[in-house]
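In what follows, a structure is listed as C-alpha coordinates, so that the remarks can point back to it.
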Amino acid sequence: METIRLRAPPHPRDRREGPRTLAGPAPGRRPRYFSYADSGNRLDPVGAPETPLFELQDLHVAVAGVDIVRGVDLAVRRGEVHALMGPNGSGKSTLANAILGNPDFQVTRGRILFKGEDVTAWPTDVRGKAGMFLAFQYPEEIPGVPVVQFLRQALSARKGIDLSVLELRVTIMEWMARLGMDPSFGDRYLNEGFSGGEKKRNEILQMAILEPEVAVLDETDSGLDIDALRIVARGIQEVRSARPELGVLLITHYQRILDELTPDRVHILIDGRIVDSGGPELARRLEEEGYQSWRS
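Take the sequence shown: its letter number 248 is residue 249 in my numbering, and every next letter is one higher.
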(Lines of atoms letter the chains of each structure in order from A; the text may use other names.)
(Lines give C-alpha, C1' and ligand atoms only; values in the text may rest on other atoms or scores of the structure.)
Protein backbone atom coordinates (compact mmCIF):
# COMPACT_ATOMS: atom_id res chain seq x y z
CA MET A 2 0.00 0.00 0.00
CA GLU A 3 1.31 3.41 -0.89
CA THR A 4 2.43 5.47 2.07
CA ILE A 5 0.88 8.94 2.19
CA ARG A 6 2.15 11.75 4.36
CA LEU A 7 -0.50 13.14 6.68
CA ARG A 8 -0.26 16.85 7.35
CA ALA A 9 -1.93 18.89 10.05
CA PRO A 10 -4.24 21.57 8.64
CA PRO A 11 -2.95 25.13 8.52
CA HIS A 12 -4.10 27.62 11.08
CA PRO A 13 -6.98 29.72 9.67
CA ARG A 14 -4.79 32.83 9.41
CA ASP A 15 -2.31 30.89 7.28
CA ARG A 16 -4.83 29.20 5.01
CA ARG A 17 -4.61 29.88 1.28
CA GLU A 18 -6.61 28.57 -1.58
CA GLY A 19 -5.08 25.52 -3.19
CA PRO A 20 -5.36 21.75 -3.49
CA ARG A 21 -7.00 20.04 -0.55
CA THR A 22 -4.59 17.98 1.55
CA LEU A 23 -5.61 14.85 3.38
CA ALA A 24 -6.19 16.76 6.62
CA GLY A 25 -7.60 19.92 5.01
CA PRO A 26 -10.26 21.70 5.07
CA ALA A 27 -42.75 29.65 28.61
CA PRO A 28 -43.13 28.43 31.80
CA GLY A 29 -46.44 26.58 32.70
CA ARG A 30 -47.32 25.59 29.18
CA ARG A 31 -47.41 22.02 27.97
CA PRO A 32 -44.62 21.04 25.65
CA ARG A 33 -45.24 20.43 22.01
CA TYR A 34 -43.25 17.84 20.15
CA PHE A 35 -41.03 18.88 17.33
CA SER A 36 -40.21 17.17 14.08
CA TYR A 37 -37.69 17.81 11.35
CA ALA A 38 -40.01 20.38 9.77
CA ASP A 39 -39.75 22.62 12.86
CA SER A 40 -36.04 23.18 12.31
CA GLY A 41 -36.57 24.74 8.87
CA ASN A 42 -35.26 23.54 5.54
CA ARG A 43 -32.23 25.24 4.07
CA LEU A 44 -31.98 25.51 0.29
CA ASP A 45 -28.99 24.85 -1.89
CA PRO A 46 -28.02 27.30 -4.69
CA VAL A 47 -30.46 25.81 -7.19
CA GLY A 48 -33.37 25.92 -4.76
CA ALA A 49 -33.68 22.23 -3.83
CA PRO A 50 -33.66 21.29 -0.12
CA GLU A 51 -30.16 20.48 1.05
CA THR A 52 -29.68 16.87 2.07
CA PRO A 53 -28.76 16.78 5.76
CA LEU A 54 -25.36 15.40 6.58
CA PHE A 55 -26.87 13.43 9.42
CA GLU A 56 -30.52 12.80 10.25
CA LEU A 57 -32.68 10.93 12.75
CA GLN A 58 -36.20 10.10 11.60
CA ASP A 59 -38.78 9.03 14.23
CA LEU A 60 -36.03 7.18 16.10
CA HIS A 61 -37.07 4.83 18.90
CA VAL A 62 -34.42 3.05 20.98
CA ALA A 63 -34.79 0.37 23.66
CA VAL A 64 -32.33 -1.01 26.19
CA ALA A 65 -32.97 -4.50 27.59
CA GLY A 66 -36.51 -4.29 26.25
CA VAL A 67 -37.26 -0.93 27.89
CA ASP A 68 -38.14 2.00 25.61
CA ILE A 69 -35.80 4.93 26.30
CA VAL A 70 -35.86 7.09 23.16
CA ARG A 71 -39.40 7.62 21.89
CA GLY A 72 -39.50 9.18 18.45
CA VAL A 73 -36.67 11.65 17.88
CA ASP A 74 -36.45 13.72 14.68
CA LEU A 75 -33.30 15.77 14.14
CA ALA A 76 -31.25 16.90 11.16
CA VAL A 77 -27.69 18.27 11.15
CA ARG A 78 -26.29 19.88 8.01
CA ARG A 79 -22.70 20.38 7.00
CA GLY A 80 -20.88 22.83 9.24
CA GLU A 81 -23.65 23.03 11.81
CA VAL A 82 -23.37 22.59 15.58
CA HIS A 83 -26.48 21.24 17.30
CA ALA A 84 -26.75 21.04 21.10
CA LEU A 85 -28.94 18.33 22.60
CA MET A 86 -29.75 19.19 26.22
CA GLY A 87 -31.63 17.16 28.81
CA PRO A 88 -31.64 16.12 32.47
CA ASN A 89 -30.27 12.84 33.79
CA GLY A 90 -32.25 9.89 32.47
CA SER A 91 -33.71 11.75 29.51
CA GLY A 92 -32.11 9.40 26.97
CA LYS A 93 -29.20 11.50 25.74
CA SER A 94 -26.47 8.89 26.08
CA THR A 95 -28.81 6.16 24.86
CA LEU A 96 -29.33 8.21 21.72
CA ALA A 97 -25.58 8.71 21.27
CA ASN A 98 -24.88 4.98 21.57
CA ALA A 99 -27.64 4.13 19.11
CA ILE A 100 -26.26 6.61 16.60
CA LEU A 101 -22.91 4.83 16.62
CA GLY A 102 -24.41 1.35 16.51
CA ASN A 103 -23.77 -0.02 20.00
CA PRO A 104 -25.51 -3.43 19.85
CA ASP A 105 -26.79 -3.06 23.44
CA PHE A 106 -29.01 -0.22 22.23
CA GLN A 107 -31.73 -1.51 19.90
CA VAL A 108 -33.38 0.72 17.33
CA THR A 109 -36.98 -0.49 17.39
CA ARG A 110 -38.41 2.05 14.95
CA GLY A 111 -37.24 4.86 12.71
CA ARG A 112 -34.05 5.46 10.78
CA ILE A 113 -30.55 6.90 11.08
CA LEU A 114 -29.37 8.56 7.87
CA PHE A 115 -25.83 9.62 7.00
CA LYS A 116 -25.44 11.71 3.85
CA GLY A 117 -28.89 10.52 2.79
CA GLU A 118 -28.11 6.82 3.20
CA ASP A 119 -29.86 4.62 5.74
CA VAL A 120 -27.16 3.36 8.12
CA THR A 121 -29.48 2.02 10.83
CA ALA A 122 -28.33 -1.56 10.30
CA TRP A 123 -24.64 -0.76 9.81
CA PRO A 124 -22.24 -2.09 12.48
CA THR A 125 -20.18 0.36 14.51
CA ASP A 126 -16.92 -0.12 12.62
CA VAL A 127 -18.57 0.52 9.26
CA ARG A 128 -20.14 3.74 10.54
CA GLY A 129 -16.78 4.87 11.89
CA LYS A 130 -15.00 4.10 8.64
CA ALA A 131 -17.68 6.03 6.72
CA GLY A 132 -16.99 9.15 8.78
CA MET A 133 -19.13 9.03 11.92
CA PHE A 134 -17.38 9.72 15.25
CA LEU A 135 -18.42 9.44 18.90
CA ALA A 136 -16.53 11.09 21.74
CA PHE A 137 -17.41 9.08 24.82
CA GLN A 138 -18.64 10.52 28.11
CA TYR A 139 -16.39 8.05 29.94
CA PRO A 140 -13.45 7.11 27.69
CA GLU A 141 -11.98 3.72 28.54
CA GLU A 142 -8.37 3.09 29.53
CA ILE A 143 -6.31 0.81 27.29
CA PRO A 144 -3.13 -0.13 29.21
CA GLY A 145 -0.07 -0.87 27.11
CA VAL A 146 -1.27 0.96 24.00
CA PRO A 147 0.36 4.38 23.47
CA VAL A 148 -1.81 7.16 22.11
CA VAL A 149 0.25 7.45 18.91
CA GLN A 150 -0.05 3.70 18.20
CA PHE A 151 -3.80 3.74 18.85
CA LEU A 152 -4.23 6.64 16.45
CA ARG A 153 -2.11 4.93 13.80
CA GLN A 154 -4.30 1.84 13.90
CA ALA A 155 -7.52 3.87 14.02
CA LEU A 156 -6.43 5.97 11.04
CA SER A 157 -5.58 2.86 9.07
CA ALA A 158 -9.06 1.47 9.76
CA ARG A 159 -10.76 4.80 8.99
CA LYS A 160 -8.97 5.74 5.77
CA GLY A 161 -6.87 2.74 4.77
CA ILE A 162 -3.69 4.80 5.20
CA ASP A 163 -0.68 3.01 6.65
CA LEU A 164 1.55 5.74 8.06
CA SER A 165 4.81 5.19 9.83
CA VAL A 166 4.89 6.08 13.51
CA LEU A 167 7.27 8.94 12.68
CA GLU A 168 4.99 10.39 10.01
CA LEU A 169 1.97 10.24 12.28
CA ARG A 170 3.92 11.63 15.23
CA VAL A 171 4.69 14.82 13.29
CA THR A 172 1.00 15.43 12.69
CA ILE A 173 0.05 14.51 16.25
CA MET A 174 2.67 16.89 17.65
CA GLU A 175 1.30 19.72 15.52
CA TRP A 176 -2.25 19.03 16.63
CA MET A 177 -1.25 18.65 20.28
CA ALA A 178 0.32 22.10 20.10
CA ARG A 179 -2.92 23.50 18.70
CA LEU A 180 -4.93 21.76 21.42
CA GLY A 181 -2.61 22.88 24.23
CA MET A 182 -1.43 19.35 25.08
CA ASP A 183 1.94 18.32 26.50
CA PRO A 184 4.29 16.86 23.85
CA SER A 185 4.78 13.68 25.92
CA PHE A 186 1.07 12.90 25.62
CA GLY A 187 1.50 10.76 22.51
CA ASP A 188 3.71 8.25 24.34
CA ARG A 189 1.36 7.70 27.27
CA TYR A 190 -0.93 4.68 27.38
CA LEU A 191 -4.41 5.52 26.15
CA ASN A 192 -6.37 7.25 28.95
CA GLU A 193 -4.35 5.44 31.66
CA GLY A 194 -3.89 7.86 34.56
CA PHE A 195 -5.37 10.70 32.52
CA SER A 196 -7.23 13.49 34.27
CA GLY A 197 -10.80 14.20 33.17
CA GLY A 198 -9.63 17.10 31.05
CA GLU A 199 -6.86 15.03 29.44
CA LYS A 200 -9.32 12.29 28.51
CA LYS A 201 -11.63 14.79 26.86
CA ARG A 202 -8.78 16.50 25.00
CA ASN A 203 -7.63 13.10 23.80
CA GLU A 204 -11.09 12.56 22.31
CA ILE A 205 -10.75 15.89 20.48
CA LEU A 206 -7.27 14.86 19.28
CA GLN A 207 -8.77 11.68 17.84
CA MET A 208 -11.45 13.75 16.09
CA ALA A 209 -8.75 15.97 14.59
CA ILE A 210 -6.64 13.08 13.30
CA LEU A 211 -9.45 10.83 12.05
CA GLU A 212 -11.24 13.64 10.19
CA PRO A 213 -14.85 12.47 10.55
CA GLU A 214 -17.69 14.16 8.71
CA VAL A 215 -20.04 14.16 11.70
CA ALA A 216 -19.06 14.07 15.37
CA VAL A 217 -21.32 13.16 18.28
CA LEU A 218 -19.81 14.54 21.49
CA ASP A 219 -21.44 12.82 24.46
CA GLU A 220 -21.24 15.15 27.49
CA THR A 221 -17.76 16.34 26.63
CA ASP A 222 -18.09 18.92 29.42
CA SER A 223 -18.87 16.32 32.10
CA GLY A 224 -16.57 16.55 35.13
CA LEU A 225 -14.56 19.50 33.84
CA ASP A 226 -13.78 22.67 35.73
CA ILE A 227 -14.24 25.95 33.88
CA ASP A 228 -10.61 26.18 32.75
CA ALA A 229 -10.56 22.63 31.36
CA LEU A 230 -13.93 23.21 29.72
CA ARG A 231 -12.63 26.28 27.91
CA ILE A 232 -9.59 24.37 26.69
CA VAL A 233 -11.77 21.56 25.34
CA ALA A 234 -14.20 24.02 23.70
CA ARG A 235 -11.29 25.82 22.03
CA GLY A 236 -10.05 22.46 20.80
CA ILE A 237 -13.39 21.72 19.18
CA GLN A 238 -13.26 25.12 17.51
CA GLU A 239 -9.74 24.41 16.24
CA VAL A 240 -10.95 21.21 14.58
CA ARG A 241 -13.96 23.02 13.10
CA SER A 242 -11.73 25.77 11.70
CA ALA A 243 -9.69 23.09 9.93
CA ARG A 244 -12.78 21.22 8.75
CA PRO A 245 -15.56 23.81 8.30
CA GLU A 246 -18.00 21.24 6.89
CA LEU A 247 -17.82 19.08 10.03
CA GLY A 248 -21.27 18.52 11.54
CA VAL A 249 -21.40 18.36 15.34
CA LEU A 250 -24.06 17.03 17.71
CA LEU A 251 -23.07 18.20 21.20
CA ILE A 252 -24.86 16.38 24.02
CA THR A 253 -24.82 18.17 27.37
CA HIS A 254 -26.64 18.88 30.64
CA TYR A 255 -25.63 22.48 30.99
CA GLN A 256 -25.42 25.84 29.27
CA ARG A 257 -21.83 26.54 30.27
CA ILE A 258 -20.06 24.85 27.35
CA LEU A 259 -22.42 26.73 25.02
CA ASP A 260 -20.96 29.98 26.35
CA GLU A 261 -17.70 28.84 24.72
CA LEU A 262 -19.11 27.03 21.68
CA THR A 263 -22.17 28.71 20.16
CA PRO A 264 -24.59 26.23 18.57
CA ASP A 265 -26.70 26.79 15.48
CA ARG A 266 -29.62 24.86 16.98
CA VAL A 267 -30.57 23.75 20.50
CA HIS A 268 -32.89 20.82 21.25
CA ILE A 269 -34.37 19.87 24.65
CA LEU A 270 -34.81 16.15 25.30
CA ILE A 271 -37.26 15.10 28.03
CA ASP A 272 -38.25 11.47 28.64
CA GLY A 273 -36.86 10.35 25.30
CA ARG A 274 -38.57 13.02 23.19
CA ILE A 275 -37.44 16.37 21.80
CA VAL A 276 -39.94 18.78 23.37
CA ASP A 277 -38.52 22.07 22.08
CA SER A 278 -36.03 23.33 19.52
CA GLY A 279 -34.63 26.77 18.80
CA GLY A 280 -31.54 28.90 18.55
CA PRO A 281 -28.88 29.62 21.19
CA GLU A 282 -31.39 31.70 23.15
CA LEU A 283 -33.23 28.49 24.07
CA ALA A 284 -30.23 27.28 26.07
CA ARG A 285 -30.10 30.57 27.94
CA ARG A 286 -33.80 30.32 28.74
CA LEU A 287 -33.27 26.78 29.98
CA GLU A 288 -30.50 27.99 32.26
CA GLU A 289 -32.90 30.53 33.80
CA GLU A 290 -36.02 28.36 34.07
CA GLY A 291 -34.72 24.81 34.45
CA TYR A 292 -36.11 21.68 32.84
CA GLN A 293 -39.34 21.78 34.86
CA SER A 294 -40.79 24.35 32.45
CA TRP A 295 -40.76 21.72 29.71
CA ARG A 296 -42.05 18.76 31.70
CA SER A 297 -45.66 17.71 31.05
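Even for Gly, the Cβ is constructed at its ideal location relative to N, Cα and C.
Item                                                                                                             : Value
Residue closest to R116, alpha-carbon to alpha-carbon, out of P281, E214, L230 and V267                          : Correcting the residue identity first, residue 116 is Lys in this sequence and not Arg. Per the Cα distances, E214.
C-beta contact flag for Y292 and I271 at 8 Å                                                                     : yes
Buried or exposed by the 16-neighbour rule on C-beta atoms within 10 Å, applied to S165                          : exposed
For L75: DSSP bridge partner residues                                                                            : L57
I113 and L60 closer than 8 Å at C-beta                                                                           : yes
Contact the region 65 to 84 vs the region 118 to 137: 3+ CB pairs below 8 Å                                      : no
Where the alpha helix (DSSP H) containing V120 begins and where it ends                                          : Taken as a continuous stretch (DSSP letters only), V120 belongs to no alpha helix (DSSP H), as it is neither H nor E.
Of the residues E212, L211 and R257, the one placed nearest L225, counting alpha carbons only                    : R257
Proximity to F137 [Cα-Cα], best of S223, D260, E212 and S278                                                     : S223
Validate contact between the region 224 to 244 and the region 67 to 74 using beta carbons, cut 8 Å, 3 pairs      : no
Range covered by the alpha helix (DSSP H) that runs through M208                                                 : G197 to L211
Cβ-based burial, A153 [other Cβ within 10 Å; buried from 16]                                                     : This sequence places Arg at residue 153; Ala is not what is there. The residue is buried, with at least 16 neighbouring Cβ atoms inside 10 Å.
Continuous alpha helix (DSSP H) stretch holding A243: start and end                                              : I227 to A243
Unbroken beta strand (DSSP E) run spanning M133, endpoints                                                       : M133 to A136
N203, buried or exposed, once every other Cβ within 10 Å from all chains shown has been counted against 16       : buried
Neighbour-count burial assignment, P264, 16 or more Cβ in a 10 Å radius                                          : buried
Classification of D277 by the beta-carbon crowding that lies within 10 angstroms, buried from 16 upward          : buried
Pairwise C-alpha distance: E288 and S157                                                                         : 42 Å
Close-in-space but distant-in-sequence residues of the same chain around R159 (CB under 6 Å, 5 per side omitted) : K130 and L211
Same chain only: Cβ atoms within 6 Å of E142, ignoring 5 sequence neighbours per side                            : N192 and E193
Expected contact under 8 Å - CB spacing of V267 and G248 to nearest Å                                            : 15 Å between Cβ atoms; not a contact.
Option nearest G198 by Cα separation, candidates W176, L135 and L230                                             : L230
C-alpha gap between M133 and V73, whole angstroms                                                                : 19 Å
Distance, V146 Cα to I218 Cα                                                                                     : According to the sequence shown, residue 218 is Leu rather than Ile. L218 and V146: Cα-Cα distance of roughly 23 Å.
I252 versus I173, E51, I100 and A63, residue with shortest Cα-Cα distance                                        : I100
In DSSP terms, what V249 is bridged to                                                                           : V82 and A216
Close Cβ partners of P28 (< 7 Å) along its chain, the five nearest in sequence each way excluded                 : Because the pLDDT at P28 is just 40, under 50, the model does not fix this residue reliably, and the value given afterwards should be weighed accordingly. So the qualifying residues of the chain are E290 and S294.
Beta bridge counterpart(s) of I100 as assigned by DSSP                                                           : The partner list for I100 (beta bridge, DSSP) is empty, contrary to what the question assumes.
Extent of the continuous beta strand (DSSP E) to which T221 belongs                                              : It is not in any beta strand (DSSP E) - T221 carries neither H nor E in the DSSP assignment.
Status (buried if at least 16 other CB within 10 Å, exposed otherwise) for E246                                  : exposed
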